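Residue numbers (our numbering): 134 to 341.
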């Protein structure tokens with residue numbers, strides 16, 4: 134949308150804060166001004182960017198000091214400013230000429246900044262997303278559990294005394310916990326033990 138100028142101070146502030154400024158100098162009694170206004174307003178709606186591209190309206194009767202400063206003698210008159218300086222002046226209600234001039238100014242202003250910006254990845258990108266300490270800890274925990282499981286499985290599979298071998302194995306979490314408790318000097322709480330039948334040796338089988 135276009136901005137209605139009410140003072141010279143407001144006009145100067147917009148010129149200093151916006152890269153591109155398109156000004157419509159008009160009068161309420163001007164029929165050509167009214168005829169081209171829909172074109173100007175549609176361009177303003179389409180191309181306005183805060184602090185980048187600004188469309189303003191200056192009534193030559195209520196703000197004569199601005200129109201006199203820039204030598205406006207006919208209505209409508211359109212002026213395009215870039216970095217505070219006039220780059221183009223269009224006199225008369227010519228929709229095609231106005232549209233071409235505005236689109237050229239928009240091109241000079243450059244592309245609009247993206248609304249949302251984030252780090253993305255494309256196909257074939259060799260970069261990998263960074264892993265957090267928590268995710269690394271969870272991964273290592275699962276790997277440790279799997280290694281312990283298979284280690285105990287093979288130890289008990291090939292041992293004659295499978296139960297005892299499993300109990301004494303360094304891969305047994307209970308054994309590791311007992312060693313940790315004993316080394317710290319803390320007396321472990323009494324826990325229930327699993328009752329199981331130990332496999333005898335080959336000599337025991339012969340004796341029976």
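We put the CB at the ideal spot given by N, CA and C, even for glycine. In this text the structure is predicted, and so the values were computed from the model without any measurement.
In the DSSP assignment, what residue or residues form a beta bridge with residue i?
i, result
"residue 153", "186, 215"
"residue 224", "210"
"residue 191", "158"
"residue 239", "Beta-bridge pairing links residue 239 to no other residue."
"residue 136", "189"
If you draw a straight line from the C-alpha of residue i to the C-alpha of residue j, how long is it?
i, j, result
"residue 174", "residue 134", "7 Å"
"residue 239", "residue 151", "12 Å"
"residue 248", "residue 242", "In this prediction, residue 248 has a pLDDT of 48, which is less than 50 and means its spatial position is unreliable; what the coordinates show is noted afterwards. Roughly 17 Å separates the two Cα atoms."
"residue 200", "residue 149", "18 Å"
"residue 224", "residue 156", "12 Å"
"residue 250", "residue 244", "Bear in mind that a pLDDT of 47 at residue 250, under 50, signals an unreliable position, so the number given afterwards is only what the model happens to contain. For residue 250 and residue 244, the distance between alpha carbons rounds to 15 Å."
"residue 141", "residue 198", "8 Å"
"residue 177", "residue 219", "18 Å"
"residue 228", "residue 137", "20 Å"
"residue 170", "residue 179", "14 Å"
"residue 204", "residue 215", "18 Å"
"residue 282", "residue 276", "10 Å"
Rank the options by C-alpha distance to the C-alpha of residue i and give the top, closest one.
i, options, result
"residue 221", "153, 277, 280", "153"
"residue 168", "206, 215, 226, 141", "226"
"residue 217", "187, 171, 204, 176", "187"
"residue 342", "177, 178, 179, 190", "No answer is possible for residue 342: the residues shown for the chain start at 134 and end at 341."
"residue 207", "164, 219, 229, 282", "164"
"residue 172", "230, 281, 282, 279", "230"
Shorter than 7 Å from the beta carbon of residue i to some beta carbon of chain B?
i, result
"residue 215", "In the structure shown, chain B does not exist; there is a single protein chain."
So the alpha helix (DSSP H) residue i belongs to, where does it begin and stop?
i, result
"residue 173", "164 to 180"
"residue 197", "197 to 202"
Quiz item: Is the segment 138 to 146 in contact with the segment 177 to 184, if contact means three or more CB pairs nearer than 8 Å?
Solution: no
Quiz item: Is it true that the segment 203 to 214 meets the segment 226 to 239, where meeting means three or more beta-carbon pairs spaced less than 8 Å apart?
Solution: yes
Quiz prompt | Three-pair Cβ contact test at 8 Å for the segment 189 to 201 versus the segment 150 to 167 | solution = yes
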